[in-house]
């Protein structure tokens, strides 16, 4: 599987700047360069005195390092690093701002629920009927379906598998105990008659993007469940279903993503053949495990059997 191109970011620009002048850097400047390249996120969030202390150099040396790589000073170095990590730092900044405002627990509950409502409403407003139709037809017509989602999206992928299992044969969840390597081993089995569904929202995981790219290169049809056209999954997807996932206290709100998954599985059930018969067979299969107040199934079957034997012996002695 060929590697996907690295995104063009300001953090990458800093690395290029360092690479160009590294042979001319002093020993202390090289120490600064090594730290910035190894810990770009920490460097982006540190004031100059903390960074200098972490590297073991003076504040003046930190400023001179920034100028040595072609910047006006440390503030510009930090600004460019921060721009490279805006998407990653945004949830932290939003949480900091919210926590600075006095709120009761009830207020937080209400705000979170209202935000979920706004996300779902925005997702509904932005629905592309043609994309929805194409996604459902791709699922119904696929020979096999592979679901890729890791981190929080792994749970979403599991719920999507549960929803599709009743109506589709050969639904494979790639988020297992082996991690992304299991998905990589499955790539050679995929073909043009299969469908690869990639699920990823900010902050996007590289594993999902790499696997989606690998499937795309093999001619496998790819459906992306993500948050917008800026998502790194979009270049490798034949169809996309977008959900707004803004969250004031975390990187994402999974509620709208889950609502999209439930809408998708509902549409598949509507389109699939013999959906009613399938639902009836499924209900019959799980009936023994469903609680019903009119039927007592709390006692183990072995206990029931033992009780019946005891009753029989007592009857015989009588």
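Numbering (full-length UniProt numbering), first residue to last: 1 to 318.
Yeah, the Cβ is synthetic: ideal placement off N, Cα and C, and Gly gets one too.
Item                                                                                                                                                           : Value
Taking the straight line between their C-alpha atoms, what separation do you get for residue 190 and residue 230?                                              : 27 Å
Rounded to the nearest angstrom, how far is the Cβ of residue 197 from that of residue 159, given a contact under 8 Å?                                         : About 12 Å; that fails the 8 Å criterion.
Given 8 Å as the limit, is there contact between the region 108-125 and the region 138-146, that is, 3 or more CB pairs closer than that?                      : no
For the candidate residues 204, 167 and 222, whose alpha-carbon lies nearest to that of residue 319?                                                           : The chain is shown only over 1 to 318; residue 319 falls outside these bounds and no answer can be derived.
Thinking C-beta only, is residue 52 closer than 7 Å to residue 62?                                                                                             : yes
If you pair each beta-carbon of the region 162-173 with each one of the region 232-246, do three or more pairs fall below 8 Å?                                 : no
Does DSSP classify residue 221 as helix, strand or coil?                                                                                                       : strand
Just the Cα atoms here: how many angstroms apart are residue 17 and residue 43?                                                                                : 16 Å
Buried or exposed: which applies to residue 290, given that a residue is buried once 16 or more other Cβ atoms fall within 10 Å of its Cβ?                     : exposed
CA-CA distance, residue 372 and residue 21?                                                                                                                    : This structure does not reach residue 372, given that the chain is present from 1 up to 318, and the question cannot be answered.
When the Cα of residue 71 is compared with those of 122, 248 and 13, which residue comes out closest?                                                          : 13
Can you tell me which of the three DSSP states residue 16 falls into?                                                                                          : helix
Please tell me whether residue 228 and residue 242 are closer than 7 Å, where the distance is taken between their beta carbons.                                : yes
Could you tell me the alpha carbon to alpha carbon distance between residue 292 and residue 162, rounded to whole angstroms?                                   : 23 Å
Assign residue 168 to one of three DSSP states: helix, strand, or coil.                                                                                        : coil
Tell me the rounded alpha-carbon separation between residue 100 and residue 107.                                                                               : 14 Å
Alpha carbon to alpha carbon, how far is residue 185 from residue 286? Give it in angstroms, no decimals.                                                      : 33 Å
Helix, strand or coil, according to DSSP, for residue 204 in the structure here?                                                                               : coil
Taking the alpha helix (DSSP H) that residue 35 belongs to, which residues open and close that run?                                                            : 27-38
Contact between the region 251-261 and the region 192-211 is defined here as three or more beta-carbon pairs at a separation below 8 Å; is this criterion met? : yes
So is residue 104 buried or exposed if we call it buried at 16+ other beta carbons inside 10 Å?                                                                : exposed
Can you tell me whether residue 69 is helix, strand or coil according to DSSP?                                                                                 : coil
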